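Undergrad:
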Amino acid sequence: MPFNSLIPKLLTEANHVNGEAFDQNMAALQLFVKDPNAENQLRFIIFSSGGLGHQSTAANIIYRMVSLGLKGTFEIIYFSNDIAKIAILFPQFDPKDPFKPVIIGDATFIFIDEETFIASEQPIFKIGLTGGVDGLQENIAKYFYVEYLLVLQPYQWKLAPSVIQRANEIPLNKPIDTFKPLEALSFAKRGYYIADPVMDAANINYFKTSVYADKYPVYDLITTSLLAQKTNMMPVYGLNLFDNTSILAATVLFNLATGITIAQNKTNEVGEKVKGTIMVIISKLEDEVYTDFEGLIQGTNPELENNPLKEWIAKNNLSSRISTYKYNDAGLPDAIRALEDQPNNTLVINMGDLPLYAFNYLYLIADMPPVFEGAATNSLLLNFGKDYFALTSHLNKNFTLYPTLPLNAEAAASEPNAMKEVSLIIGSTLLEWQRDLNDGSYDVPADLLSLAILIAFEPENTTPQVYFRSLRTFFHNQQEDKMLMGVFFLLQYLNHYKK
4 MPFNSLIPKL LTEANHVNGE AFDQNMAALQ LFVKDPNAEN QLRFIIFSSG GLGHQSTAAN
64 IIYRMVSLGL KGTFEIIYFS NDIAKIAILF PQFDPKDPFK PVIIGDATFI FIDEETFIAS
124 EQPIFKIGLT GGVDGLQENI AKYFYVEYLL VLQPYQWKLA PSVIQRANEI PLNKPIDTFK
184 PLEALSFAKR GYYIADPVMD AANINYFKTS VYADKYPVYD LITTSLLAQK TNMMPVYGLN
244 LFDNTSILAA TVLFNLATGI TIAQNKTNEV GEKVKGTIMV IISKLEDEVY TDFEGLIQGT
304 NPELENNPLK EWIAKNNLSS RISTYKYNDA GLPDAIRALE DQPNNTLVIN MGDLPLYAFN
364 YLYLIADMPP VFEGAATNSL LLNFGKDYFA LTSHLNKNFT LYPTLPLNAE AAASEPNAMK
424 EVSLIIGSTL LEWQRDLNDG SYDVPADLLS LAILIAFEPE NTTPQVYFRS LRTFFHNQQE
484 DKMLMGVFFL LQYLNHYKK
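Residue numbers (the numbering used here): 4 to 502.
(1) Could you check which residue in Ile281, Ala170, Asn420 has the C-alpha nearest to that of Tyr470?
(2) Quick one: using the 10 Å Cβ neighbour count with 16 as the cut-off for buried, is Phe491 buried or exposed?
(3) Could you say which of Val283, Phe477, Gly443 lies nearest to Asn353 if we only look at CA atoms?
(4) Along the chain, where does the beta strand (DSSP E) containing Gly72 start, and where does it finish?
(5) What residues in its chain sit with their C-beta under 6 angstroms from that of Gly355, if we drop five residues either side in the sequence?
(6) Have a look at Pro98 and Ala90 and give me their C-alpha separation to the nearest angstrom.
(7) My guess is that Ile325 and Thr264 are in contact by the Cβ rule of under 8 angstroms, so how many angstroms apart are they, rounded?
(8) Under three-state DSSP, which class holds Thr349?
(9) What residue from Asp370, Ile250, Asp290 has the CA that sits closest to Ser431's CA?
(10) I'd like to confirm the pairing. Which residues does DSSP put opposite Asn235 in its beta bridges?
(11) Does the Cβ-Cβ distance between Ser417 and Thr395 come in under 8 angstroms?
(12) In chain order, which beta strand (DSSP E) runs of at least 3 residues are fully inside the stretch 323-348?
(13) Provide the residue(s) that pair with Thr2 in DSSP beta bridges, ordered along the chain.
(14) Who does Gln168 pair with in a DSSP beta bridge?
(15) In whole angstroms, give me the CA-to-CA distance for Ile115 and Leu244.
(16) Does Thr254 pass the burial test, meaning 16 or more other C-beta atoms within 10 Å, or should it be called exposed?
(17) Looking at the strands, I want to know which residues DSSP matches up with Leu394.
(18) Identify whether Phe93 lies in helix, strand or coil by the three-state DSSP scheme.
(19) What residues match up with Ile65 in a beta bridge as DSSP calls it?
(20) Within this structure, are the beta carbons of Gln168 and Ile143 separated by less than 8 angstroms?
(21) Nearest-angstrom Cα distance between Lys161 and Asn401?
(22) Can you give me the Cβ contacts of Ala415 inside the same chain, cut-off strictly under 7 angstroms, excluding the 5 residues immediately before and after it?
(23) At which residues does the beta strand (DSSP E) containing Ala455 begin and terminate?
(24) Using a 10 Å radius around the Cβ and a threshold of 16 neighbouring Cβ atoms, would you call Thr234 buried or exposed?
(25) Applying the criterion that 16 or more other CB atoms from any shown protein chain within 10 Å of the CB defines a buried residue, is Thr212 buried or exposed?
(26) Is the beta carbon of Ala31 sitting closer than 8 angstroms to the one on Leu73?
(27) Return the residue from the list Ile207, Lys276, Ala204, Lys313 that minimises the CA-CA distance to Ala231.
(28) Along the chain, where does the beta strand (DSSP E) containing Lys129 start, and where does it finish?
(29) Quick check on Ser382: buried or exposed, where buried means 16 or more other Cβ atoms within 10 Å of its Cβ?
(30) Val149 to Asn171, Cα distance in whole Å?
(31) Please give the ranges of any beta strand (DSSP E) in the stretch 209-254, keeping only runs that are unbroken, at least 3 residues long and fully inside the region.
(32) Which first and last residues belong to the beta strand (DSSP E) in which Ile49 is found?
(33) Can you tell which of Leu71, Pro101, Ile179, Met68 has its C-alpha closest to the C-alpha of Asn84?
(34) Would you tell me roughly how many angstroms separate the C-alpha atoms of Tyr158 and Lys318, rounded to the nearest one?
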């Protein structure tokens, strides 16, 4: 079936992207992705970013298209410096044999690095799909041999708009955030629908045979203990956000760990639900960060001299309550088992990178507020409807980390405002601890963080719990999905505006 014969199956009104039009739009899209000719009309591109943001947003789009029935063989173009990240995002991808076809669902994907791709002339495809992109002033549609490139920026992205880029037209970019009907749907503020991750037999097998295989035994111990409700768990990712700032990663770890300690002290306030806790540090941190952190916990860090925090540390017995391990330490399995009978203790585990499916699953099942930075992970957590800590620095201080519903609300509600303040407290410095302790009339950072941690264990009818569940109700709804809205609009745009 030719590409153009599918487009008229969409509604004839370009502003019917959602609502009553959803089922008809979805049916037309599924016809397209299952059509044998689609493989000669559609190309996927994954752009680079400092973390995994742009890459994971693009990967999510690809997985969503597969879930809609994508059938055929398709190219995925990526940048060679991202090859390790591609392996994290696609477990079947072998960085040692990168051109080997990867089968996901009914689709086969050929991964081609950008240098190889542009080395020779390529057939021009109708549509390119990608997630986040920087540098939209360049003609990247033409560069990647597509007539129309749909760029879907991450959740609440402030740095560039989502656009349809047209390879041979001026102006090059057609911003769609402000184009009716998407502006009426607060398109720029939307996140992506993400199915609840699972750790099934296939993913376990991928894990055990991946470059991360040596991490699976401790990962399994952590998740098994958590799901048996014998321990709590807080995953932590994104501490590199504070690189080149006055906020030290070791101090952030200290703030989080002591917040857990004080929450453990208050467990009677939430039915004894706060118990021995495992902090899984997924950020890749230098060894000296853990050395500095341990010095803070032990009260031996030189920065504690003449700071009343040193006395506070001793008073709360941190040295006997908080321990640090690397994921492959021989004593860690026994320490996890012992923690199940130590409700006042915390294990801080230096885990490092995990494959995407393992990362996502860890964040889904966490019962302590997950900690992260980045718009892509923010979008993931909005699907889960749980209390979370979004890290804040000068890099993302203007981003909406805790949305107010409806998305077109002019002012933030009280719960999002309160959680944003908590996210700032996570970055409290030792000098700020000293100020609060010397003053005596302020709660110290650990006290304030403990209150936010306890939210995760409060009854479902409390205001914060209702707020976080409302986020799942909205964002975990395919009719509110940024990707589907964007693709629906692209197809209608091609039909109605480009005869």
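Note that CB positions come from ideal geometry on N, CA and C, so glycine has one too.
Fair warning: this is a prediction, and the values are worked out from it, not measured in the lab.
TA: Walking through what the data contain:
(1) Asn420
(2) buried
(3) Val283
(4) First-last for Gly72: undefined, no H or E at that position.
(5) Lys287
(6) 6 angstroms
(7) 7 angstroms
(8) strand
(9) Ile250
(10) Thr280
(11) no
(12) 325-329
(13) Shown here, the chain extends from 4 to 502; a query on residue 2 therefore has no answer.
(14) Leu152, Asn176
(15) 30 angstroms
(16) buried
(17) None, per the DSSP bridge assignment.
(18) coil
(19) Per DSSP, none; premise fails for Ile65.
(20) yes
(21) 8 angstroms
(22) Thr407
(23) It is not in any beta strand (DSSP E) - Ala455 instead sits in the alpha helix (DSSP H) that spans 448-457.
(24) buried
(25) exposed
(26) no
(27) Lys276
(28) 128-133
(29) buried
(30) 10 angstroms
(31) 235-239
(32) Ile49 -> no beta strand (DSSP E), and no H or E assigned at all.
(33) Pro101
(34) 43 angstroms
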